[in-house]
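Following: one structure in structure tokens, then a few remarks.
Here it is as structure tokens:
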């Protein structure tokens, strides 16, 4: 989709690096005005400046997704500068690979606070705005780990992603009558530096061998799927979990 005229605006959380950077770039390429938010505000600002030095179509800001006030400030800034916000992409994530019996409660809370609480807080703050204006799109980044319990990631990560899948359905049901759709994408293992850093090479090779298409997933394809779900014409896709896993998990 190419947006012209009064371009739509998107807020991407965790948008300064990894899959988030792919998401930010994909929405920018589709014609959106993109607010790139990240816990590392300098990284977000640098990416935004690289996309559009004028700032007319890209801005970067620091955002701690655990905090309601941070989302409210981001919403208010976008509305002040661009006059509209149409899409929220909940992507901010903490990933840790730990055996379940070695995860202490603080580790568990730290992962869930970003991944699950962050998705809830963002969806609630922007969901209220979308409800009030009568339109909006929320795209959540879940994971295959949230469906099968995970094989390379920790229980805290898998549990948080399973929670995102449930939140997606709750928000989709409650916001649907107001012209707002909420969907999630559940990728399998992606060809990202973070994946290669997290999973030992021999274990990753074994994972790839078990994927029917025999390859890691493309983060750019995941990003294009998010753009599709954000399209104004995608109004009948709601409460869905879009699997992108190479056939590793078929339902």
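Numbering (this note's numbering), first residue to last: 2 to 252.
Cβ atoms here follow ideal geometry from the backbone N, Cα and C, with glycine treated the same way.
Three-state secondary structure assigned by DSSP to residue i
i: residue 184; result: strand
i: residue 138; result: strand
i: residue 54; result: coil
i: residue 193; result: coil
i: residue 117; result: helix
i: residue 91; result: strand
i: residue 104; result: coil
i: residue 49; result: helix
i: residue 27; result: helix
i: residue 124; result: helix
i: residue 76; result: helix
i: residue 169; result: helix
i: residue 258; result: The requested residue 258 is not part of the displayed model; the chain covers only 2 to 252.
Bridge-paired residues (DSSP) for residue i
i: residue 7; result: None, per the DSSP bridge assignment.
i: residue 246; result: Bridge partners of residue 246: none, in fact.
i: residue 37; result: 13 and 61
i: residue 239; result: None, per the DSSP bridge assignment.
i: residue 218; result: 191
Spatial distance of residue i from residue j (CA atoms)
i: residue 230; j: residue 124; result: 15 Å
i: residue 238; j: residue 170; result: 12 Å
i: residue 102; j: residue 211; result: 26 Å
i: residue 80; j: residue 203; result: 48 Å
i: residue 57; j: residue 92; result: 23 Å
i: residue 131; j: residue 48; result: 27 Å
i: residue 82; j: residue 29; result: 17 Å
i: residue 274; j: residue 188; result: In this structure the chain extends from 2 to 252, so residue 274 is not present and cannot be described.
i: residue 129; j: residue 175; result: 11 Å
i: residue 244; j: residue 186; result: 6 Å
i: residue 32; j: residue 107; result: 41 Å
i: residue 117; j: residue 7; result: 33 Å
i: residue 5; j: residue 226; result: Caution is warranted here: a pLDDT of 40 is assigned to residue 5, below 50, making its placement in the model unreliable, and no coordinate value can be reported.
i: residue 74; j: residue 20; result: 24 Å
i: residue 43; j: residue 98; result: 27 Å
Beta-carbon proximity check, residue i vs residue j, cutoff 9 Å
i: residue 90; j: residue 24; result: yes
i: residue 254; j: residue 146; result: With the chain represented from 2 up to 252, any question about residue 254 goes unanswered, as that position is not in the structure.
i: residue 9; j: residue 87; result: yes
i: residue 15; j: residue 53; result: no
i: residue 192; j: residue 161; result: no
i: residue 140; j: residue 94; result: no
Anticipated Cβ contact below 8 Å, residue i with residue j, distance rounded
i: residue 158; j: residue 96; result: 6 Å
i: residue 37; j: residue 66; result: Not really, about 13 Å apart at Cβ, beyond 8 Å.
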